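Worksheet: the structure to be examined is printed underneath.
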Amino acid sequence: MKIFAQISRVIVGLLFIFSGLIKLNDPVGTQYKLEEYFEVFAADLPAFHDLFVSLIPMALYFSVFLCAAEVVLGIALLVAYKPRTTSVLLLLIILFFTFLTFYSAYFNKVTDCGCFGAAIKLTPWTSFGKDIFLLILILVIVYYRKKFKPLPTGLIVLLSTIASLGIAVYALRHLPIIDLLPYRVGASIPAQMKASEPLRYQYIFEKDGKTSKYEQYPSDTTLIFKEMIVLNEDAKPKITDYKVWNDEGDFTEESFKGKKLFLIIKNFTDINTAAFPDISKLINQVKNKGIEPIILTSGDSGEIQKFMQEHQLSIPYYSVDATVLKTISRSNPGLWLLQDGIVKGKWHYNDTPTSEEVVELVK
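What follows is the structure, given as structure tokens:
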């Protein structure tokens with residue numbers, strides 16, 4: 004069992020480091036996931052509604068803390084730094100995650116836990132199974148923690164803490180170091196809205212207490228339909244909710260034509276207005292260089308018109324679902340450059356490009 008405990012220590016340490024780094028790369032994504040959990044708990048547990056609502060504004064801080072803690076504790080476990088404290092903290096974190104994934108799976112809420120950010124998507128029950136596996140390993144580690152030889156590795160843990168927080172701060176002030184989202188630079192949005200191959204289905208029926216599976220929909224009307232399963236999940240469209248519209252109709256297909264610089268305004272409550280002098284300058288310059296600037300927002304027309312007047316913006320604006328805008332841009336405002344539906348550029352408001360840089364990308 005001592006050997007198994009050592010193996011468990013390596014597996015848990017590496018998984019925690021990997022999970023934490025993936026999420027530190029995009030702490031805003033984990034923030035959104037935590038906000039989703041808080042909203043679900045506020046609705047499902049009326050007695051604690053106000054408590055969970057009050058936690059929503061602090062979701063980003065929780066995100067950075069949890070992601071950095073995963074990395075630091077993973078490294079501390081690998082180097083056997085304060086094994087008693089490290090193992091107990093790991094146990095508390097995995098119990099927390101196990102509760103979340105069980106709740107998601109059993110009640111079909113927050114169907115993507117975000118355990119590995121946007122890198123690896125897990126079904127709710129798979130996420131719960133993964134956490135049960137880690138819980139078992141961590142219980143072994145807790146039991147045998149006295150067998151791990153403590154090492155004077157405080158400096159390594161300190162440096163890993165500083166590095167983890169540094170990665171998070173960089174991602175927040177710019178964009179994820181590695182963009183794993185479907186709206187990343189180089190991606191074709193129209194192509195991702197289509198299935199990569201014809202979808203194949205399995206139809207499950209029941210008759211006389213027996214379950215039967217078919218790959219073609221049966222003609223027998225005495226069968227009782229139970230479930231339909233997609234056999235080639237990987238072929239499903241990567242993007243299913245991108246839609247652009249205004250009061251005059253749908254603009255989705257039009258948004259893929261030509262060269263377009265989209266100004267993403269997710270909302271008007273936490274928008275960074277200090278960035279708009281540079282953004283307004285860029286918009287006015289690209290107008291005359293064959294690039295059409297357009298605003299995409301989830302705000303209502305009254306809000307956007309007032310905002311445009313305050314910042315002297317005179318460009319078209321269209322509506323997009325708030326969740327889609329959160330996926331397109333992790334900053335508010337953000338800039339997103341498309342040429343014939345292919346993403347050519349994407350910027351945080353702290354990295355507003357010059358008009359020359361934008362033109363160079365769509366030559």
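Counting in my numbering, the sequence shown runs without a single skipped number right up to 366 at its last residue.
All C-beta atoms in this analysis are idealised placements derived from N, C-alpha and C, irrespective of residue type, glycine included.
This structure is a prediction, so every number in the text was calculated from the model and none was measured.
Kindly indicate which residue of the options has the alpha-carbon position closest to the one of residue i.
i, options, result
"I331", "P179, E200 and I307", "P179"
"V113", "A121, P127 and F119", "P127"
"I123", "P49, L184 and V43", "L184"
"Y109", "G337, V327 and F131", "F131"
"I159", "K133, L81 and A171", "L81"
"A198", "I242, G305, Y186 and K284", "I242"
"R187", "W350, G261, V365 and S22", "W350"
"M196", "G16, Y64 and K246", "K246"
"E359", "A8, E256 and N291", "N291"
"L138", "G16, D343, L364 and A166", "G16"
"T355", "L338, G344 and I345", "L338"
"R12", "I144, Q34, G23 and K26", "I144"
"K149", "N111, A238, V91 and K26", "V91"
"P1", "E39, V75 and L341", "The question about residue 1 has no answer here: the residues shown for the chain are numbered 4 through 366."
I need the boundaries of the beta strand (DSSP E) containing residue i, first residue and last residue.
i, result
"K229", "I227 to V233"
"Y204", "Y204 to K210"
"V213", "Here residue 213 turns out to be Lys, not Val, going by the sequence shown. Unbroken beta strand (DSSP E) run through K213: K213 to Y217."
Do residue j and residue i count as a contact pair if the criterion is CB distance below 8 Å?
i, j, result
"L299", "F265", "yes"
"K269", "N353", "no"
"L154", "A83", "yes"
"I14", "L140", "yes"
"L328", "I274", "no"
"Q205", "I227", "no"
"D53", "A121", "no"
"D343", "K260", "yes"
"V31", "L168", "no"
"Y147", "A8", "yes"
"K263", "E295", "yes"
"F254", "Y320", "no"
Given that a residue counts as buried once 16 or more other Cβ atoms are within 10 Å of its Cβ, and exposed if not, what is residue i?
i, result
"R203", "exposed"
"A46", "exposed"
"T89", "buried"
"S317", "exposed"
"N235", "exposed"
"P280", "exposed"
"D134", "buried"
"P60", "exposed"
"Y106", "buried"
"S86", "The identity of residue 86 in the sequence shown is Pro, whereas the question assumes Ser. With 16 or more other Cβ atoms within 10 Å, it is buried."
"G305", "exposed"
Going by DSSP, what residue range makes up the alpha helix (DSSP H) through residue i?
i, result
"T272", "Taken as a continuous stretch (DSSP letters only), T272 belongs to no alpha helix (DSSP H), as it is neither H nor E."
"K26", "K5 to L27"
"P3", "With the chain covering 4 to 366 only, the question about residue 3 has no answer from this structure."
"L364", "S358 to L364"
Determine, using beta carbons only, whether residue i comes closer than 8 Å to chain C.
i, result
"I286", "Among the protein chains of the structure shown there is no chain C, as only one such chain exists."
Next on the checklist: Extract the residue ranges of the alpha helix (DSSP H) inside the stretch 289-349, only unbroken runs of 4 or more that lie entirely within it.
Outcome noted: As summarised for the stretch 289-349, the continuous alpha helix (DSSP H) elements at least 4 residues long and confined to that stretch are 304-313 and 325-331, given in chain order.
Checklist entry - Along the chain, which unbroken stretches of the beta strand (DSSP E) at least 3 residues long are found entirely within the stretch 101-162? => result With a minimum length of 3 residues, no continuous beta strand (DSSP E) run stays inside the stretch 101-162.
Checklist entry - What runs of the alpha helix (DSSP H), each 4 residues or longer, lie entirely inside the stretch 39-80? => result Within the stretch 39-80, the complete alpha helix (DSSP H) runs of at least 4 residues fall at 52-58.
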